[in-house]
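Comments concern the structure below.
Residue numbers (my numbering): 1 to 107.
Here's what the structure looks like:
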């Protein structure tokens with residue numbers, strides 16, 4: 001099992017997150033674009049969490065089973081997100097859909 005890329009990517013994410021961004025004044029002084037080259041805390045957490053979860057899932061599957069390969073692209077939620085998008089639209093574009101609204105949408 002070769003998980004070199006995912007492990008290196010995760011280590012890089014952790015390392016990148018631990019580095020402090022240059023202050024905006026210093027970036028302007030050096031003529032560097034952007035606001036520090038950091039992700040938002042939420043995006044950083046989500047990316048690290050997702051990457052670590054994929055690593056853990058693959059390790060578990062290879063430990064408990066003996067597949068020839070694993071298609072990590074199948075571990076996605078696009079169809080689920082699309083369905084909840086439909087529920088939100090059927091509930092008047094409300095982002096926070098209640099269970100009752102979902103049941104009514106399914107009738």
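Yeah, the Cβ is synthetic: ideal placement off N, Cα and C, and Gly gets one too.
For residue i, the three-state DSSP class (helix, strand or coil)
| i | result |
| --- | --- |
| residue 61 | helix |
| residue 41 | helix |
| residue 81 | helix |
| residue 89 | helix |
| residue 71 | coil |
| residue 48 | helix |
Cβ separation of residue i and residue j, assumed to be a contact under 8 Å, to the nearest whole Å
| i | j | result |
| --- | --- | --- |
| residue 17 | residue 44 | 5 Å |
| residue 55 | residue 75 | Contact doesn't hold; Cβ gap of about 12 Å is too wide. |
| residue 48 | residue 13 | 5 Å |
Endpoints, the alpha helix (DSSP H) within which residue i is located
| i | result |
| --- | --- |
| residue 9 | 4 to 18 |
| residue 104 | 99 to 106 |
| residue 28 | 24 to 30 |
Same chain only: Cβ atoms within 7 Å of residue i, ignoring 5 sequence neighbours per side
| i | result |
| --- | --- |
| residue 83 | none |
| residue 52 | 10 |
| residue 95 | 88 |
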